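A.B. asks: Structure incoming, see below.
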C-alpha cells in the first residue's frame with residue numbers, strides 16, 4: 138500500500154508542475170518481522186514474499 142500511495146502522490150506533484158527527479162525513499166517498521174523470528178512457532182497468518 139505504501140508504494141501505491143507514493144506513486145499516487147508523485148503523480149499529483151507532477152500534475153502540479155513539481156518535477157520528481159529523485160527516487161522516493163520509503164521507511165519501514167520491521168518490528169513485526171523481528172517478533173516472528175524471535176518466536177519460532179508456526180503462525181497461520183504469516184506470509185512469505187520472495
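Residue numbers (this note's numbering): 138 to 187.
Think of the CB as a built atom: it goes at the ideal place given N, C-alpha and C, for glycine as much as any other residue.
Note that the structure is a prediction, hence the values are computed from the model and not measured.
Using three-state DSSP, classify residue 172 as helix, strand or coil.
C.D. replies: The answer is helix: DSSP assigns residue 172 an H, G or I state.
A.B. asks: Distance, Cα to Cα, residue 170 vs residue 148?
C.D. replies: Taking the straight line joining both Cα atoms gives about 31 Å.
A.B. asks: Among 176, 166, 159 and 154, which has the Cα closest to the Cα of residue 139?
C.D. replies: When each option's Cα is compared against that of residue 139, the closest is 166.
A.B. asks: By the DSSP assignment, the alpha helix (DSSP H) with residue 150 in it spans what residues?
C.D. replies: First-last of the alpha helix (DSSP H) with residue 150: 139-152.
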